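To start, the structure under review is shown below, and the notes come after it.
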Amino acid sequence: MSNWYRTNQAVGVYLAILIGALIVYLWNMPWVHRVMRDGFLLGFFPMLGAVAMFLFSAAMIVDPLRRETPEALERFRIGDVLLPLAMLLGIAAYFMLMMQIGFVLATPLFVFVYMVWFRVRPWRLLVGLSLVVPTTIYIAFSLLGVRLPHGILPPLI
């Protein structure tokens with residue numbers, strides 16, 4: 013029982029709890045219950061997918077292989093969960109910053125920080141990509157007519 017949290021059954025429990033919370037969240041959103049022209053609810057397919065995921069995760073709880081520990085989970089550390097959470101928080105901070113100061117100023121900073129995090133080398137490549145990739149994206153989206161947040165700067169194109 014000391015390593016139960018690494019078994020298939022534990023993963024099924026974790027997923028069932030998280031997906032159950034997703035279902036409750038979706039159910040409480042007004043857009044899910046909006047009837048479309050074809051008679052379907054707008055949230056029908058998202059709810060259908062969430063319920064299917066819940067059923068599959070519940071199946072993991074009673075599966076004949078539920079007591080097995082996958083090889084990847086044998087080496088599991090808490091950092092394996094904290095790193096993706098830190099990345100998601102960084103992305104959320106980026107979006108908030110982008111809405112305040114704009115795409116052109118926030119994106120090179122975001123790209124630079126994440127490439128440093130991923131240990132991109134050499135430094136000239138890191139700085140170059142931090143400037144070229146967001147600029148290319150901004151120009152391409154502007155030519156397509158998509159207006160990215162300009163924030164404190166006037167629209168450039």
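Residue numbers for the sequence shown follow our numbering, so the first one is 13 and each next one is one higher.
Beta carbons are placed, not taken as given, at the ideal position from N, Cα and C, and that holds for glycine.
Predicted model only: the values in this text are computed from it and were never measured.
Determine the contact status of residue i and residue j, defining contact as a CB-CB distance below 8 Å.
{"i": "residue 18", "j": "residue 68", "result": "no"}
{"i": "residue 128", "j": "residue 138", "result": "yes"}
{"i": "residue 165", "j": "residue 117", "result": "yes"}
{"i": "residue 113", "j": "residue 163", "result": "yes"}
{"i": "residue 38", "j": "residue 55", "result": "yes"}
{"i": "residue 72", "j": "residue 23", "result": "yes"}
{"i": "residue 20", "j": "residue 78", "result": "yes"}
Locate the alpha helix (DSSP H) running through residue i, then write down its first and last residues.
{"i": "residue 30", "result": "20-39"}
{"i": "residue 113", "result": "91-113"}
{"i": "residue 136", "result": "135-155"}
{"i": "residue 66", "result": "56-74"}
{"i": "residue 86", "result": "83-86"}
Contact check, residue i vs residue j under 8 Å by CB: the rounded distance?
{"i": "residue 62", "j": "residue 31", "result": "6 Å"}
Rounding to the nearest angstrom, what Cα-Cα distance links residue i and residue j in this structure?
{"i": "residue 93", "j": "residue 86", "result": "14 Å"}
{"i": "residue 160", "j": "residue 109", "result": "13 Å"}
Just list the residues that DSSP pairs residue i with in beta bridges.
{"i": "residue 47", "result": "53"}
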